[in-house]
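Trainee: Below you'll find the structure I mean.
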Amino acid sequence: MLPFQAVAAGASDTDVDLDMDEYLYGHVRDSYEWHITTINGKPVSIPLPVIVISRNGNGTHVFSSRHLEEGEYQGFSIASSGKYENKIVEKGPGGSEIRPWDFSITKNVLGLLINSALLLFIVLGTANWYRRHDATEEAPKGGVGIMEMMVTMVEDDIIKDCVGEDYRRYSPYLLTAFFFIFINNLMGIVPFFPGGANITGNIAVTLVLALFTFFTVNLFGNKHYWKEILWPDVPTWLKVPVPLMPAIEIIGMFTKPFSLMVRLFANILAGHFMILGVVAVVFLTAKMGAAVNGGLSAVAVVLGVFMDCLELLVAFIQAYVFTMLSAVFIGLSRQKAKTH
Amino acid sequence: MSLITPDFGLLVWMTLIFGIVFFVLAKWGFPMIIDSVQKRADRINDSIRQAKEAEEKLRNLASEQAMMIEETRKEQSRILKEAALARDKMVEQAKVQAGDEASKILEQARVQIAAEKESAMRDIRKEVALLSVSVAEKVLRKELDSGVNKDELVGRMIDELRS
């Protein structure tokens with residue numbers, strides 16, 4: 109993500125050593141402000157609203173994150189180190205730092221809101237085309253045509269094949285998941301403002317997505333699915349007296365969505381790290397002389413273009429894989445009993 | 070380590086946002102698109118099927134037409150044959166009738182000629198009788214005038230008349 113932002117941020121750092129940790133983690137973690145660029149050593153960023161509910165009776169506070177730049181504000185500050193590094197903390201009893209209920213509109217939350225609005229605009233706009241036109245008489249062109257192609261692709265290639273018979277019930281969820289992940293992945297690659305937030309590379313986001321799949325699978329699982337978990341078709345001694353297979357199956361219930369969560373999170377995060385790393389070469393070699401710096405910078409730019417293209421591919425593949433595996437898990441929970 | 074610890078606030082926001090997006094899209098977004106595309110696919114399939122049927126019908130129509138032409142031709146030749154037959158029959162009948170009529174007329178003519186002939190013969194006979202009477206009268210008168218055997222002659226003639 110954000111080679112431009114990195115270039116801008118790095119430009120002012122050429123006189124000081126580049127703090128690699130801060131550079132990498134600063135770009136991928138969530139934050140209370142949206143850092144856009146740094147001009148003449150002065151960061152330009154959008155302050156975002158902080159919403160915290162104190163846990164030691166200090167009440168609910170809503171204020172701009174601008175106030176936290178100088179340090180403590182209304183009893184809250186951003187921890188500079190320790191367990192809650194870079195998070196808002198308050199002083200607990202005994203002077204220790206405790207974490208309040210923190211519902212701040214952070215960079216990721218704002219990114220989610222922007223991307224969701226964009227997604228709603230695109231999909232509802234597409235749906236609106238069908239409302240205004242007779243789809244049996246004409247086919248859409250342009251953007252609506254692309255959306256139709258993608259929706260049809262997901263519907264026909266993933267959902268219909270993996271879920272099976274009653275796929276129609278699940279296609280709204282799976283389509284939403286696909287396009288939600290896809291648009292957030294894509295926006296994560298865009299290096300400047302409305303994009304650039306590392307949303308699908310955030311574990312909380314992928315956790316919620318995985319939980320949605322988990323509940324969809326387990327709430328609508330049929331009798332055969334539960335029988336396969338609690339009384340699988342294996343030799344009896346594997347089930348009684350020690351319920352070995354049921355235990356494995358129950359663990360499997362949770363490892364499936366867990367793998368979904370980690371896969372998406374790790375892929376997107378790693379992609380961002382790779383691009384950031386490639387861009388960092390430009391600044392790390394700044395002190396090695398013009399020839400080395402220039403040569404390696406050229407290499408870094410070529411590699412960066414390659415990585416960005418790769419990330420475009422990964423953005424699509426990860427959305428595809430998440431949707432497909434969710435569809436497969438749903439399909440497994442809807443399977444009818446086979447005659448063995 | 071904060072990278073792999075899910076933040077509670079973000080968790081809540083994400084659940085809320087994704088839930089709303091899901092609700093809105095599942096209600097007004099995707100079903101509309103999917104249904105419309107499905108409808109179009111159905112229609113295209115229908116159209117193809119109908120076109121095939123129409124083609125089939127057209128092909129049947131052509132063969133039907135050929136059959137009809139064939140039938141008409143057969144009918145035509147049958148009618149022509151019948152007409153020829155009827156004509157022949159009529160001519161034959163006319164011939165027979167004409168023959169009958171002619172023979173009838175001939176018969177009548179013959180009868181009439183016979184009758185004419187009869188009456189003519191009768192006339193001639195009458196004439197001949199009258200002629201012979203007058204000849205006989207003349208002969209008789211001449212004999213009587215000569216006066217020879219006058220009485221004998223009258224007597225013989227009366228005898229002849231008596232007999």
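Just so you know, the sequences run in chain order A and B. Following this note's numbering, the numbering of the first sequence begins with 109 at its first residue and continues without gaps. Following this note's numbering, the numbering of the second sequence begins with 70 at its first residue and continues without gaps. The C-beta atom is built at its ideal place from N, Cα and C for all residues, glycine as well. A quick note: this is a predicted structure, and the numbers were derived from the prediction, not measured.
Indicate the three-state DSSP secondary structure (helix, strand or coil) for T431(A) in the structure shown.
Mentor: Three-state result, T431(A): helix.
Trainee: If you draw a straight line from the alpha carbon of L282(A) to that of C270(A), how long is it in whole angstroms?
Mentor: Cα-Cα distance, rounded: 11 Å.
Trainee: Between I267(A) and A435(A), how many whole angstroms is the CB-CB distance? I'm expecting something under 8 Å.
Mentor: About 5 Å separates the two Cβ atoms, so the contact holds.
Trainee: Let me know if G329(A) comes out buried or exposed under the rule of 16 or more other beta-carbons within 10 Å of its beta-carbon.
Mentor: The residue is buried, with at least 16 neighbouring Cβ atoms inside 10 Å.
Trainee: Fully enclosed by the region 325–359 of chain A, which alpha helix (DSSP H) runs are 4 residues long or longer?
Mentor: Qualifying alpha helix (DSSP H) stretches, in chain order: 331–338.
Trainee: Since L372(A) and T314(A) should fall inside the 8 Å C-beta cutoff, what is the C-beta to C-beta distance between them, to a whole number of angstroms?
Mentor: The pair is a contact, with the Cβ atoms about 5 Å apart (cut-off 8 Å).
Trainee: Ordered along the chain, which non-local residues of its own chain (more than five positions away) have a Cβ less than 8 Å from that of I138(B)?
Mentor: Contacts found: none.
Trainee: Given a threshold of 16 other Cβ atoms within 10 Å of its Cβ, counted over all protein chains shown, does V208(B) qualify as buried or as exposed?
Mentor: Exposed, because fewer than 16 other Cβ atoms sit within 10 Å of the Cβ of V208(B).
Trainee: Give a yes or no on whether the minimum CB-CB distance between K150(B) and chain A is below 8 Å.
Mentor: Not an interface residue.
Trainee: Leaving out five residues on either side along the sequence, give the residues of the same chain with a beta carbon under 8 Å from the beta carbon of V407(A).
Mentor: Closer than 8 Å at the Cβ level, and outside the excluded window around V407(A), lie V389.
Trainee: Kindly indicate which three-state DSSP category F171(A) falls into: helix, strand or coil?
Mentor: Three-state result, F171(A): strand.
Trainee: Is E450(A) helix, strand or coil when you go by DSSP?
Mentor: Past the edges of chain A, shown from 109 to 448, lies residue 450(A), and the structure says nothing about it.
Trainee: With DSSP as the reference, please indicate the residues paired to F460(A) in a beta bridge.
Mentor: The structure shown has nothing for residue 460(A), since chain A only spans 109 to 448.
Trainee: Whole angstroms is fine: what's the gap from L80(B)'s alpha carbon to E141(A)'s?
Mentor: The straight-line gap from Cα to Cα measures roughly 18 Å.
Trainee: Return the chain-ordered list of same chain residues with a C-beta closer than 6 Å to the C-beta of G183(A), the five sequence neighbours on each side being excluded.
Mentor: Taken in chain order, the residues that qualify are N166, E198.
Trainee: Please state if the CB of S139(A) and the CB of K215(A) are separated by a distance shorter than 8 Å.
Mentor: Taking 8 Å as the Cβ cut-off, K215(A) and S139(A) qualify as a contacting pair.
Trainee: Write down every uninterrupted run of the beta strand (DSSP E) in the region 126–173 of chain A whose length is 3 residues or greater and which is fully enclosed by it, in chain order.
Mentor: As far as the region 126–173 of chain A is concerned, its whole beta strand (DSSP E) runs of at least 3 residues are 141–147, 150–155, 157–161, 168–172.
Trainee: Helix, strand or coil, according to DSSP, for I206(A) in the structure here?
Mentor: Note: I206(A) maps to strand in three-state DSSP.
Trainee: Taking the alpha-carbon positions, what's the F99(B) to F92(B) distance?
Mentor: Taking the straight line from one Cα to the other gives about 11 Å.
Trainee: Give a yes or no on whether the C-beta atoms belonging to A501(A) and M101(B) are separated by under 8 Å.
Mentor: This structure cannot settle anything about residue 501(A), because the visible part of chain A is limited to 109 through 448.
Trainee: Helix, strand or coil for I443(A), going by three-state DSSP, please let me know.
Mentor: Note that residue 443(A) is Gln in the sequence shown here, rather than Ile. Three-state DSSP puts Q443(A) in coil, outside helix and strand.
Trainee: Along the chain, where does the alpha helix (DSSP H) that runs through F87(B) open and close?
Mentor: Unbroken alpha helix (DSSP H) run through F87(B): 77–93.
Trainee: Distance check for I297(A) and I154(A), CA to CA, integer angstroms please.
Mentor: Cα to Cα, the separation comes out at about 19 Å.
Trainee: Are any of the Cβ atoms in chain B nearer than 8 Å to that of S204(A)?
Mentor: Answer no: the Cβ-Cβ gap between S204(A) and chain B never drops below 8 Å.
Trainee: Does I147(A) pass the burial test, meaning 16 or more other C-beta atoms within 10 Å, or should it be called exposed?
Mentor: Burial call: exposed.
Trainee: Can you tell which of N326(A), H135(A), F287(A) has the C-alpha that lies nearest to the C-alpha of I254(A)?
Mentor: Among N326(A), H135(A), F287(A), the Cα nearest to that of I254(A) is on F287(A).
Trainee: Starting from the Cα of K444(A), find the closest Cα among T284(A), E336(A), T393(A) and give me that residue.
Mentor: For K444(A), the nearest C-alpha among the options comes from E336(A).
Trainee: From I86(B) to L346(A), what does the alpha carbon distance come to, in whole angstroms?
Mentor: Going by the C-alpha atoms only, they are around 44 Å apart.
Trainee: Determine, for R112(B), whether the minimum Cβ-Cβ distance to residues of chain A falls below 8 Å.
Mentor: Yes, contact with chain A.
Trainee: Which ranges would you report for the beta strand (DSSP E) in the region 257–334 of chain A if only whole runs of at least 3 residues count?
Mentor: As far as the region 257–334 of chain A is concerned, it has no whole beta strand (DSSP E) run of at least 3 residues.
Trainee: Along the alpha helix (DSSP H) that carries K143(B), what are the first and last residues, could you check?
Mentor: Looking at the DSSP string, the run of the alpha helix (DSSP H) that includes K143(B) is 99–215.
Trainee: Counting along the chain, where does the alpha helix (DSSP H) carrying T234(A) start and finish?
Mentor: Here the alpha helix (DSSP H) through T234(A) covers 215–240.
Trainee: Using a Cβ-Cβ cut-off of less than 7 Å, list which residues of the region 92–124 of chain B approach chain A; keep chain order.
Mentor: Residues passing the 7 Å Cβ filter: V93, L94, A95, W97, G98, F99, P100, M101, I102, I103, S105, V106, K108, R109, R112.
Trainee: I want to see whether chain B comes within less than 8 Å of D75(A), judged by CB atoms only; does it?
Mentor: Residue 75(A) is absent from the structure shown; chain A starts at 109 and stops at 448.
Trainee: State the DSSP-derived secondary structure class of G385(A), mapped to helix, strand or coil.
Mentor: Here G385(A) sits in helix by DSSP.
Trainee: Taking D210(A) as the reference, which of E130(A), K195(A), F430(A) has the closest Cα?
Mentor: Of E130(A), K195(A), F430(A), the residue nearest in Cα terms is K195(A).
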